[in-house]
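S.K.: Numbering (the working numbering), first residue to last: 46 to 500.
Just so it is clear, CB atoms sit at the ideal spot from N, CA and C, and this is done for glycine as well.
Keep in mind the model is a prediction, meaning the values are calculated, not measured.
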Ligand code: GLY
Ligand code: MN
């Protein structure tokens, strides 16, 4: 049995997450005599038919319960260190259609909680907590408290800190969470290989897309972490391309950015490969630059590094590569090309983002108002701690929408050799993306969780 298998045989560590969040609160001077209260997502009906909307569990609720059920609640009594899960009681009407729901006994067995009650017991239980002198504050998330829930017995309703506390705690993953991300990566690797195989005979992006999602489902991942980007030809330059329905005639490359979700944890993997089996010289040139960007950034990874430094490094490698390719003019120094942010035209996005229950996971502190275009879309700012999982996803794109206006501006156009550039439009774009666990320097600094083959 693999380490991942044996880790995942245990329960999702909800209780440890509660303790971590409680520590975050009390370390910041918040009351120790508190209750954390959270609700699962509800099921909603489609507006115009009798079908339920696709259900996506609330990440805050899952983090502190490990429970995927809709319409459930939880309370965590901080001083007593007691986690109670409230699950929906049996509704005979719905049993006819949906089968028997989880029983209290099954839930207690499955989840890392101290007690399971039914949701119709929640108000009485909260009132009991609130009336006891030991538990006078309730922590909750605004807009995530049902109307019928009463916090009447509590002295203080603290609605301003719990979301932040969970967002920040989620940055550092424990071994169970890493195992879930590993499993999501393992399944995605099988699916990427299936998609690359399907591309050999595909006539439309749909067959590549279908091969990927089909392989995820048949290997145990029923959800995608995000809408798979199955781009070919010039569409490879559209960062979040989602049409996935174009015929493949006259297209050189496939950019497949796709990742399975496994028990709510994401993978996020991009591979770019030639449809014919062999890159054209221009595609190979760009592929080699992007691969060098990624490898050079890997070398910098360790707990405590500044993500801005790694992102800058990717741009510096891009400057060198695009100069060598002749797309940037050799009349200008590498320093000037970097300072003038010329490579932002070719890689407008950030080097990577935290990965966890959300594909763009919490706690990154992006500054989308940053006036410096090199950092505007960098989704992680500052230092990265051990235990964070982060994507390393450099790319170079030939996007007319971005590059044409640059070519119209003499101050920026002077750096670019338009004649050389014209040979590169059909490359579309290249991105290579892996998911990396950050470790202490003494422990090697990083581990690549993605073993999807690379060209
Ligand atoms: N995989 C899409 C993204 O990282 O934005
Ligand atoms: Mn990504």
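(1) I want to check one thing, is the minimum distance from the CB of residue 271 to the heavy atoms of the ligand GLY below 8 Å?
(2) Less than 6 Å between C-beta atoms, sequence neighbours within five positions excluded: which residues of the same chain meet that for residue 411?
(3) The ligand MN and residue 436: does the residue's C-beta get closer than 8 Å to at least one heavy atom of that ligand?
(4) My output table needs one value for residue 81: the three-state DSSP class, helix, strand or coil.
(5) Give me the residue from 330, 403, 402 with the minimum Cα distance to residue 368.
(6) For residue 326, count the other beta carbons within 10 Å of its own beta carbon; 16 or more makes it buried, fewer makes it exposed. Which is it?
(7) With DSSP collapsed to three states, give me the class of residue 186.
(8) Buried or exposed for residue 165, please, with buried defined as at least 16 other CB atoms from any protein chain shown within 10 angstroms of its CB.
(9) With residue 254 and residue 304 assumed to form a contact (beta carbons below 8 Å), what rounded beta-carbon distance in angstroms separates them?
(10) Measuring alpha carbon to alpha carbon, tell me which residue in 186, 420, 68, 57 is nearest residue 153.
(11) Using DSSP with H/G/I as helix, E/B as strand and the rest coil, what is residue 129?
(12) Please confirm whether residue 70 and residue 206 have their CB atoms less than 9 Å apart.
(13) Just verifying my parser: in three-state terms, what is the DSSP assignment at residue 497?
(14) Would you identify the three-state DSSP class for residue 306, choosing helix, strand or coil?
(15) Are residue 334 and residue 461 closer than 9 Å when you measure CB to CB?
(16) Count Cβ pairs between the segment 107-119 and the segment 131-151 that sit closer than 8 Å; are there 3 or more?
(17) Can you give the Cα-Cα distance for residue 141 and residue 95, rounded to whole angstroms?
(18) Exposed or buried, residue 211, counting other C-beta atoms within 10 Å across all chains shown (16 or more means buried)?
(19) If distances are taken between C-alpha atoms only, which option among 195, 311, 470 comes closest to residue 223?
(20) Tell me residue 90's beta-bridge partners as DSSP assigns them.
(21) Buried or exposed: which applies to residue 456, given that a residue is buried once 16 or more other Cβ atoms fall within 10 Å of its Cβ?
(22) Using a threshold of 8 Å, is the CB atom of residue 213 nearer than that to any non-hydrogen atom of the ligand GDP?
(23) Whole-angstrom Cβ separation of residue 433 and residue 216, contact assumed at under 8 Å?
(24) Taking just the CA atoms, how far does residue 317 sit from residue 332?
(25) What's the C-alpha gap between residue 405 and residue 395?
(26) Which residues mark the beginning and the end of the beta strand (DSSP E) in which residue 318 is found?
(27) Measuring alpha carbon to alpha carbon, tell me which of 458, 446, 341 ends up nearest residue 374.
(28) Please tell me whether residue 392 and residue 349 are closer than 9 Å, where the distance is taken between their beta carbons.
(29) Is the segment 285-292 touching the segment 259-269 in the sense that three or more CB pairs, one from each, lie closer than 8 Å?
(30) Helix, strand or coil: which one does DSSP assign to residue 460?
(31) Anything with a beta carbon under 5 Å from a heavy atom of the ligand GLY counts; list them all in chain order.
(32) If you run the structure through DSSP and keep just helix, strand and coil, what is residue 259?
(33) Are at least three pairs of beta-carbons, each pair with one atom in the segment 240-260 and one in the segment 67-81, less than 8 Å apart?
(34) Is the separation between the beta-carbon of residue 438 and that of residue 384 shorter than 9 Å?
(35) Enumerated in chain order, which unbroken segments of the alpha helix (DSSP H) with a length of 4 residues or greater are wholly contained in the segment 100-161?
(36) Can you determine whether any heavy atom of the ligand MN sits closer than 8 Å to the C-beta of residue 255, and answer yes or no?
M.R.: Walking through what the data contain:
(1) Position 226 of the chain shown holds residue 271. Indeed, a heavy atom of the ligand GLY lies less than 8 Å from the Cβ.
(2) Against the chain shown, residue 411 aligns to sequence position 366. Closer than 6 Å at Cβ, skipping near neighbours: 424.
(3) Taking the chain shown and counting its residues from 1, the one referred to as residue 436 is at position 391. Yes, the beta carbon of residue 436 sits closer than 8 Å to at least one heavy atom of the ligand MN.
(4) Residue mapping note: residue 81 aligns to position 36 of the chain shown, counting from 1. Of the three classes helix, strand and coil, the one that applies to residue 81 here is strand, per DSSP.
(5) Within the chain shown, residue 368 is the residue found at index 323, counting from 1. The candidate whose alpha carbon is nearest that of residue 368 is 330.
(6) Position 281 of the chain shown, counting from 1, holds the residue named residue 326. Flag for residue 326 reads exposed.
(7) Taking the first residue of the chain shown as position 1, residue 186 is located at position 141. Of the three classes helix, strand and coil, the one that applies to residue 186 here is coil, per DSSP.
(8) On the chain shown, residue 165 is found 120 positions in, with the first residue counted as 1. Exposed, by the Cβ-count rule.
(9) Residue 254 sits at position 209 when you count from the first residue of the chain shown. Residue 304 sits at position 259 when you count from the first residue of the chain shown. Rounded, the Cβ-Cβ distance is 13 Å, inconsistent with contact.
(10) Here residue 153 corresponds to residue number 108 of the chain shown, with the count starting at 1. Here the closest residue by C-alpha is 57.
(11) Here the question's residue 129 lines up with position 84 in the chain shown. Correct three-state label for residue 129: strand.
(12) Taking the first residue of the chain shown as 1, we reach residue 70 at position 25. Taking the first residue of the chain shown as 1, we reach residue 206 at position 161. Contact flag set, yes.
(13) Taking the chain shown and counting its residues from 1, one reaches residue 497 at position 452. Coil at residue 497, not helix or strand.
(14) In the chain shown, the residue the question calls residue 306 occupies position 261. Three-state DSSP puts residue 306 in a strand.
(15) Position 289 of the chain shown, counted from the first residue, corresponds to residue 334. Position 416 of the chain shown, counted from the first residue, corresponds to residue 461. In this structure, residue 461 does not lie closer than 9 Å to residue 334 by Cβ.
(16) yes
(17) Sequence index remark: in the chain shown, residue 141 carries index 96 (1-based). Sequence index remark: in the chain shown, residue 95 carries index 50 (1-based). Spanning the two alpha carbons is a distance of roughly 16 Å.
(18) On the chain shown, residue 211 is found 166 positions in, with the first residue counted as 1. Label assigned to residue 211: buried.
(19) To locate residue 223, count along the chain shown from 1; it is residue 178. Considering only alpha carbons, the answer is 311.
(20) Translated into positions along the chain shown, residue 90 becomes position 45. BP columns for residue 90 point to 97.
(21) Mapped onto the chain shown, residue 456 falls at position 411. Exposed.
(22) The ligand content of the structure shown is limited to the ligand GLY and the ligand MN, which means the ligand GDP is not among them.
(23) Here the question's residue 433 lines up with position 388 in the chain shown. Here the question's residue 216 lines up with position 171 in the chain shown. Their Cβ separation, rounded to whole angstroms, is 5 Å, which keeps residue 433 and residue 216 in contact under 8 Å.
(24) As a position in the chain shown, residue 332 is number 287, starting the count at 1. As a position in the chain shown, residue 317 is number 272, starting the count at 1. One C-alpha to the other measures close to 8 Å.
(25) Taking the first residue of the chain shown as 1, we reach residue 405 at position 360. Taking the first residue of the chain shown as 1, we reach residue 395 at position 350. Whole-angstrom Cα-Cα distance: 12 Å.
(26) Stepping through the chain shown from its first residue, residue 318 is reached at position 273. Element bounds for residue 318: 314-319.
(27) Indexing the chain shown from 1 puts residue 374 at position 329. Closest by alpha carbon: 458.
(28) In the chain shown, the residue the question calls residue 392 occupies position 347. In the chain shown, the residue the question calls residue 349 occupies position 304. No, Cβ-Cβ distance for residue 392 and residue 349 is not below 9 Å.
(29) no
(30) Looking up residue 460 in the chain shown gives position 415. Coil at residue 460, not helix or strand.
(31) 302, 313
(32) Along the chain shown, one-based indexing puts residue 259 at 214. Residue state, collapsed to three classes: helix.
(33) no
(34) As a first step, residue 438 is located in the chain shown; it is residue number 393 there, counting from the start. As a first step, residue 384 is located in the chain shown; it is residue number 339 there, counting from the start. For residue 438 and residue 384, no; Cβs fall outside 9 Å.
(35) 104-108, 137-143, 149-155
(36) Counting from 1 along the chain shown, the entry for residue 255 is found at position 210. For the ligand MN, not one heavy atom lies less than 8 Å from the Cβ of residue 255.
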